[in-house]
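**Student:** Sequential numbering from 36 applies to the sequence shown in our numbering. Virtual Cβ for every residue (Gly too), placed ideally from N, Cα, C. Note that this is a predicted model, so its numbers are computed, not measured.
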Amino acid sequence: MPFYFVNNAYLCTLEQGTKLIIYQINMKKIILGVLALASVWSSAWATEKSFTSPDGKLTVVVEDQNGIATYRVNLGATEFIGSSPLGLNTNMGNYTTDLTLAGCEVKTVKESYDLRNIKQSHVDYEATEAVCSFEQKGKKVMDVIFRVSNRDVAYRYRILPQRDTKVCIVNEEASGFKLPEGTITFMCPQSRPMGGFARTSPSYETSYTDDDQMGKNGWGEGYSFPCLFHLGDKGWVLISETGVDGSYVASRLLNVNGGLYKIGFPQPGECNGWGSTSASVALPCETPWRTITLGTTLAPIVETTVPFDLVAPKYKASQEYIYGKGSWSWIIGMDASCNYDEQKRYIDFSAAMGYQTVLIDALWDKQIGYDKIAELAAYGKTKGVGLFLWYNSNGTWNDAPQSPLGKMDKSRERRAEMAWMKSVGIRGIKVDFFGGDKQNMMQLYEDILSDANDFGILVIFHGCTLPRGWERMYPNYAASEAVLASENLHFGQGACDAEAHNAALHTFIRNTVGSMDFGGSTLNKFYNADNKRGTHRVTSDVYALSTAVLFQSAVQHFALAPNNLTDAPAWAIDFMKDVPTTWDEVKFMDGYPGKYAIIARRAGDHWFIAGINADKEPLKATIDLSMYGKGAELLVYSDDAQLNGGVTTVKAKKQMVVTIPTNGGLVIVNK
Ligand code: CA
Numbered sequence: 036m037p038f039y040f041v042n043n044a045y046l047c048t049l050e051q052g053t054k055l056i057i058y059q060i061n062m063k064k065i066i067l068g069v070l071a072l073a074s075v076w077s078s079a080w081a082t083e084k085s086f087t088s089p090d091g092k093l094t095v096v097v098e099d100q101n102g103i104a105t106y107r108v109n110l111g112a113t114e115f116i117g118s119s120p121l122g123l124n125t126n127m128g129n130y131t132t133d134l135t136l137a138g139c140e141v142k143t144v145k146e147s148y149d150l151r152n153i154k155q156s157h158v159d160y161e162a163t164e165a166v167c168s169f170e171q172k173g174k175k176v177m178d179v180i181f182r183v184s185n186r187d188v189a190y191r192y193r194i195l196p197q198r199d200t201k202v203c204i205v206n207e208e209a210s211g212f213k214l215p216e217g218t219i220t221f222m223c224p225q226s227r228p229m230g231g232f233a234r235t236s237p238s239y240e241t242s243y244t245d246d247d248q249m250g251k252n253g254w255g256e257g258y259s260f261p262c263l264f265h266l267g268d269k270g271w272v273l274i275s276e277t278g279v280d281g282s283y284v285a286s287r288l289l290n291v292n293g294g295l296y297k298i299g300f301p302q303p304g305e306c307n308g309w310g311s312t313s314a315s316v317a318l319p320c321e322t323p324w325r326t327i328t329l330g331t332t333l334a335p336i337v338e339t340t341v342p343f344d345l346v347a348p349k350y351k352a353s354q355e356y357i358y359g360k361g362s363w364s365w366i367i368g369m370d371a372s373c374n375y376d377e378q379k380r381y382i383d384f385s386a387a388m389g390y391q392t393v394l395i396d397a398l399w400d401k402q403i404g405y406d407k408i409a410e411l412a413a414y415g416k417t418k419g420v421g422l423f424l425w426y427n428s429n430g431t432w433n434d435a436p437q438s439p440l441g442k443m444d445k446s447r448e449r450r451a452e453m454a455w456m457k458s459v460g461i462r463g464i465k466v467d468f469f470g471g472d473k474q475n476m477m478q479l480y481e482d483i484l485s486d487a488n489d490f491g492i493l494v495i496f497h498g499c500t501l502p503r504g505w506e507r508m509y510p511n512y513a514a515s516e517a518v519l520a521s522e523n524l525h526f527g528q529g530a531c532d533a534e535a536h537n538a539a540l541h542t543f544i545r546n547t548v549g550s551m552d553f554g555g556s557t558l559n560k561f562y563n564a565d566n567k568r569g570t571h572r573v574t575s576d577v578y579a580l581s582t583a584v585l586f587q588s589a590v591q592h593f594a595l596a597p598n599n600l601t602d603a604p605a606w607a608i609d610f611m612k613d614v615p616t617t618w619d620e621v622k623f624m625d626g627y628p629g630k631y632a633i634i635a636r637r638a639g640d641h642w643f644i645a646g647i648n649a650d651k652e653p654l655k656a657t658i659d660l661s662m663y664g665k666g667a668e669l670l671v672y673s674d675d676a677q678l679n680g681g682v683t684t685v686k687a688k689k690q691m692v693v694t695i696p697t698n699g700g701l702v703i704v705n706k
């Protein structure tokens, strides 16, 4: 490419189209041409700023190319995210074009914090922060704030205070992510609004399209976060967002073309058409974080704490919340099981398991009644078992008939209900069937959480959006579904047949950014109270144990049933009695999304190694045992080729070669 000399200051290559200037002969035209060129020039000659992660391995380059703000991300010499657009389109101005980069202020940020309900109990966070200021027509219009840790790149926008207005509408973000050619995708399509069961979508309950090509846009509406990309030999990228609350919309990932994806705002039809698709913000405003977690292996993705590093608690816990395990009749017994006698039997079952709770699902208001619920709560208290109660979120955004109805969508009814809960000693709620990702719905999630905290109540969301940093933002937040959860194992054999495949996806995608209320670890052979009919499990008992470790949520309601005390192996029941639900640390060990997964979690002095195999062939793996002292006594739960499980005690060596059969599992834990 030829070089053109324009003035003493600049020397560079020109884009196609600017070359014609050299053919001008008339002097006046040359001058005009040079002036015209100078304006093209100032933008064609981009300002470029770069900064790196604390370990120097991740590099982010921010530029203004032809008036477009862009960034790109390298790990070492390898490009992971190519030049991708930044910017906001607002009612005050379109900050996606005619931008110049005024500069970036770079500093190191460090924070230590505790996080007892997800992934890692204590986090020492360190990152490079760069505040990059962009101008338009000589006026500063926005900052893009970057955070670069050793495994994550995140950015958000700061919209600056204005003299003549205090509020602003963000209609669209240009925020893009350019993945290299040949990248393979693992993503869940976003569903259309007001569809699915009783018009309850989108609720983040779609099947993954895994091992897929780029250039598609899901079912036409993009993809739900988080989204996983395999860059072949180079490594892996996980894209998500965090820090979303009632002051913005939650977003999705849209394909623009080829390898370019961008942030998409909610769809107009969500929430039965109520509320805008834009974000309405008060100035100055900082938008939610766009997060990119990357590495040569899946380790940074399994181990990342970026959803929590970038947010802060929004209020103080009104009390010390107790997480832990519980049982749940509905997954095996369905609606008919939501009656007084059966719930009493499950309270006894939870007590026998040493569990802290029972979740009473839909229709309890009609089939049990408020007074009898109070009796059950009092009975549970004598056994050390608290109750979670199910609610329909619905105001005007779903047709689901399941009750209680109309208790959670408005402040007066909600707070009156919660005052009753507190008076009878209810531990928590599970609120289902939300209306999408618009700002009004994000505000409802936040209002339910903050009201519940006033009454000392833990909150689980179902039929809902992805939690985005909520484990740290809201101290009484317990868990969210946002996944095709265990109910589908009851509803259809197809889900049972694909159970291990999906679990090997969730481990590396959905559950890496937030708690996942899956409601699994079934030890029944069949999803029916008589354990003889209905859909049947194709996975082993050891697999059930393994997913209790693989899937994380600080509150777990396992799909166990009272009959499992006598019909399931004693070693499996003993394990399920003891398995923790909160952890100190997590480590990626091995795996490929959809095929197999092996990770390790630490609780105190105990390391639990958990593996599953969804591949057609038995998995032979060498397990590193270096986290145990040599000679330590280990309990090894494993399957034979016919999926008959058992537990053996072995002494720790440096490593162990194991075989996990198809649909089988593995758990290793020190005694
Ligand atoms: Ca659901």
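1) Should ALA594 be listed as close to ligand 1, given that the test is whether its C-beta is under 7 angstroms from any heavy atom?
2) How about SER119 and GLY270: are their beta carbons less than 8 angstroms apart?
3) Between ALA31 and ASP434, what straight-line distance do the alpha-carbon atoms span, to the nearest angstrom?
4) Return the bridge partner residues of VAL158 from the DSSP annotation.
5) Could you work out which residue in CYS320, VAL166, GLY278 is closest to VAL202 when comparing CA atoms only?
6) Since VAL292 sits in a beta bridge, which residues does DSSP pair it with?
7) In angstroms, rounded to a whole number, what distance separates the CA positions of ASN566 and THR557?
8) According to DSSP, what are the bridge partners of VAL693?
9) Considering only residues of the same chain and omitting the five flanking positions on each side of ALA397, which have a CB-CB separation below 6 angstroms?
10) Return the Cβ separation of THR617 and ASN292 in integer angstroms, given the expectation that the two are a contact with Cβ distance under 8 angstroms.
11) Do ASN124 and GLU207 have their CB atoms nearer than 8 angstroms?
12) Counting only the same chain and skipping the five closest in sequence on each side, list residues whose C-beta sits under 7 angstroms from that of PHE490.
13) Which complete beta strand (DSSP E) runs does the segment 87-125 hold, if anything under 3 residues is left out?
14) Looking only at its chain, what residues have a beta carbon closer than 7 angstroms to the beta carbon of THR431, apart from the 5 residues adjacent to it on each side?
15) Scan the segment 331-384 and note each continuous beta strand (DSSP E) run of 3 residues or more that stays entirely inside, going in chain order.
16) Using the rule of at least 16 other Cβ atoms within 10 Å of the residue's Cβ for burial, across every protein chain shown, is THR328 buried or exposed?
17) Just grab the DSSP bridge partners of PHE496 for me.
18) Hey, GLY680 and SER575: beta-carbon distance below 8 angstroms or not?
19) With respect to 7 angstroms, is the separation between the Cβ of GLY231 and the closest non-hydrogen atom of ligand 1 below this value?
20) Alpha carbon to alpha carbon, how far is LEU266 from THR218?
21) Who are the near neighbours of SER147 in its chain, counting only those whose CB is closer than 6 angstroms to its CB and skipping five residues on each side?
22) With DSSP run on the structure shown, which of helix, strand or coil describes LEU479?
23) Between the alpha carbons of ARG198 and PHE169, how many angstroms are there, rounded?
24) Name the residue from ASP187, GLY117, TYR130, ASN129 whose alpha carbon lies nearest to the alpha carbon of THR87.
25) Could you pull out every residue in the same chain whose Cβ sits closer than 7 angstroms to the Cβ of PRO196, ignoring the five residues on either side in sequence?
26) When every heavy atom of ligand 1 is checked, does at least one fall within less than 7 angstroms of the C-beta of GLU534?
27) Quick one: is ALA71 buried, meaning 16 or more other Cβ sit within 10 Å of its Cβ, or exposed?
28) If you draw a straight line from the C-alpha of THR547 to the C-alpha of SER515, how long is it?
29) For VAL584, name the three-state secondary structure that DSSP assigns.
30) Beta-carbon within less than 7 angstroms of LYS356's beta-carbon, same chain only, minus the 5 sequence neighbours each way: which residues are those?
31) When the Cα atoms are used, what is the spatial distance from LEU524 to TRP324?
32) Check whether the segment 276-286 touches the segment 243-251, taking contact to mean three or more Cβ pairs, one atom from each stretch, closer than 8 angstroms.
33) Give the straight-line distance between the Cα atoms of ALA352 and ALA487, rounded to the nearest whole angstrom.
34) Would you report the Cα separation of LEU660 and GLN155, rounded to the nearest angstrom?
35) Counting Cβ pairs, one atom from each stretch, are 3 or more of them under 8 angstroms apart for the segment 135-147 and the segment 169-182?
36) Which same chain residues, not among the five before or five after ALA386, have their C-beta less than 7 angstroms away from its C-beta?
**Tutor:** To lay it out plainly:
1) no
2) no
3) Nothing can be reported for residue 31: it is not among the residues displayed for the chain, which extend from 36 to 706.
4) TYR148
5) CYS320
6) It should be pointed out that residue 292 corresponds to Asn in this sequence rather than to Val. LEU295.
7) 11 angstroms
8) ALA656
9) TRP425, GLN437
10) So it is not a contact: roughly 43 angstroms between Cβ atoms.
11) yes
12) MET453, ALA454, MET456, LYS457
13) 93-100, 103-110, 113-120, 123-125
14) ASN307, TRP309
15) 359-363
16) buried
17) VAL466, SER515
18) yes
19) no
20) 5 angstroms
21) ASP159
22) helix
23) 18 angstroms
24) ASP187
25) LEU318, PRO319
26) no
27) Below a pLDDT of 50, predicted positions are generally treated as unreliable, and ALA71, at 44, falls in that range; the measurement from the model is reported next regardless. ALA71 is exposed by the Cβ-count criterion.
28) 13 angstroms
29) helix
30) Here residue 356 turns out to be Tyr, not Lys, going by the sequence shown. Hits under 7 angstroms: LEU493, PRO510, ASN511.
31) 34 angstroms
32) no
33) 10 angstroms
34) 20 angstroms
35) yes
36) LYS418, GLY419, VAL420
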